[in-house]
Ligand code: PMP
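Numbering (our numbering), first residue to last: 67 to 479.
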């Protein structure tokens with residue numbers, strides 16, 4: 067039996083999350099679907115409410131007081147993201163709708179400018195569809211080749227095989243720092259080193275990493291880093307693309323419209339400086355301010371404390387689930403974040419999810435937008451419990467009991 071220890075006062079922290087204090091089908095809610103989206107602390111909800119009740123105005127264009135307040139709060143949030151990622155400059159932070167848009171932005175700008183027929187883009191076998199399809203679309207358009215670095219049976223990247231794929235034709239490497247389906251933490255630093263030795267830039271999909279690990283884009287030395295607000299306890303509809311300034315400056319705009327221009331005539335438009343060149347139109351101002359509040363909130367707890375607590379939860383939950391006969395965990399990498407994906411003999415994941423829901427337990431079932439991962443493990447789907455710092459050891463006991471209930475109902479071994 068594992069000794070339970072945590073640097074966090076989780077009961078105190080849970081008071082900050084109003085949504086957690088409810089019953090579902092008569093049972094206390096156990097929210098274990100954090101990889102899909104995480105819940106929001108009061109500080110985030112209040113920051114959004116404050117914007118709409120006191121400061122609401124469009125940004126960058128007004129001289130009046132409300133517009134100045136909105137612009138200040140929006141740019142302050144950008145500065146918070148910069149410090150959070152340890153980016154060198156605020157202009158390296160582009161505000162987008164989420165990880166998906168960030169990756170598409172790079173594919174449609176960097177990709178379209180630099181990738182030609184016969185060139186190659188390398189991804190890994192554990193990517194989310196968001197980090198597959200934009201590259202596939204680009205490669206189809208350019209008649210380029212998408213290369214996939216394989217993983218082993220534990221769900222770990224085969225780094226030597228990855229290195230073998232790097233060639234004079236490689237134009238970009240794009241990989242997740244943490245897999246949403248398996249929990250694997252990729253050795254991003256080593257990947258960047260290997261790629262840079264050949265002059266190849268690296269995009270990191272940080273959707274599942276930024277909420278759970280201390281991220282430092284300067285230490286990683288990655289060229290692009292993407293993450294989503296809603297997975298880091300912030301609102302939906304906002305996200306971040308970090309890009310090294312020198313690289314962003316060389317890229318053409320992504321979309322045309324207001325704010326991304328310097329001058330417009332019918333003959334010619336000149337573009338704004340970075341990051342505004344990539345931020346056409348009115349953004350989700352309240353969402354960005356909410357994201358800033360979320361970053362303040364997690365930094366108040368400490369990313370190191372968050373990672374340590376979630377690691378304890380992962381060990382505890384893994385041990386509890388491994389004791390269940392007929393249950394197999396998919397994704398057993400040495401370096402893992404708080405994701406426990408599993409299959410259960412004789413029971414379809416959707417049935418598991420439905421029974422668990424009746425017990426008040428929210429998990430996700432399906433392919434987790436990572437169908438090639440399911441194919442790699444020759445399974446159609448998994449049930450996935452994904453953890454956050456507000457989860458408790460008792461909730462993982464409830465999950466194990468809930469799976470016992472599934473087995474009673476379906477008569478599985
Ligand atoms: N990459 C990974 C690893 C993810 O887990 C997700 C979301 N499940 C995404 C990308 C896409 O994020 P979003 O839907 O917020 O754009």
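Cβ coordinates follow ideal geometry from the N, Cα and C atoms, glycine included. Small disclaimer: the values here were computed from a predicted structure and weren't measured.
In the three-state reduction of the DSSP assignment, residue 359 falls in the helix class. For residue 454, the closest C-alpha among the options 249, 158, 200 is that of 249. Between ligand 1 and residue 166, a heavy atom-to-CB distance of less than 7 Å is present.
Following the DSSP letters along the chain, one finds residue 150 inside the alpha helix (DSSP H) bounded by residues 131-151.
In the DSSP annotation of this structure, residue 186 is not part of any alpha helix (DSSP H); the continuous beta strand (DSSP E) holding it starts and ends at 186-190. Counting only residues of its own chain and dropping the five nearest sequence neighbours on each side, residue 124 has a CB closer than 8 Å to the CB of 133, 136, 348, 351.
Residue 416 is classed as exposed because its beta carbon has fewer than 16 other beta carbons within 10 Å across all chains shown. The Cβ-Cβ distance between residue 109 and residue 355 does not fall below 8 Å.
Annotation note: the segment 154-188 contains the following uninterrupted alpha helix (DSSP H) runs of length 4 or greater, listed N- to C-terminal: 165-172. In this structure, residue 153 places its C-beta atom within 8 Å of the C-beta atom of residue 283. Of the other Cβ atoms in all chains shown, fewer than 16 fall within 10 Å of the Cβ of residue 70; this residue is therefore exposed. Excluding five sequence positions before and after residue 429, the CB atoms of its chain that fall closer than 7 Å to its own CB belong to 98, 99, 419, 422, 449, 450, 451, given in chain order.
When DSSP states are grouped into helix, strand and coil, residue 337 belongs to the strand group.
Between the alpha carbons of residue 307 and residue 471 lies a gap of roughly 43 Å. Here the C-alpha atom of residue 259 lies approximately 26 Å from the C-alpha atom of residue 183.
In this structure, the C-beta of residue 271 approaches ligand 1 to less than 7 Å from one of its heavy atoms. Contact between residue 314 and residue 158 holds: their C-beta atoms lie close to 7 Å from each other, under 8 Å. Taking 8 Å as the upper bound for CB-CB distance, residue 267 and residue 289 are in contact here, some 4 Å apart.
Here residue 106 is buried, its C-beta having at least 16 other C-beta atoms within 10 Å.
Judged by DSSP in its simplified three-state form, residue 120 adopts helix. Annotation for residue 374: 73 place their beta carbon closer than 6 Å to its own, counting only its chain and skipping 5 residues before and after. Between residue 301 and the set 112, 277, 369, 353, the nearest pair of CA atoms involves 353.
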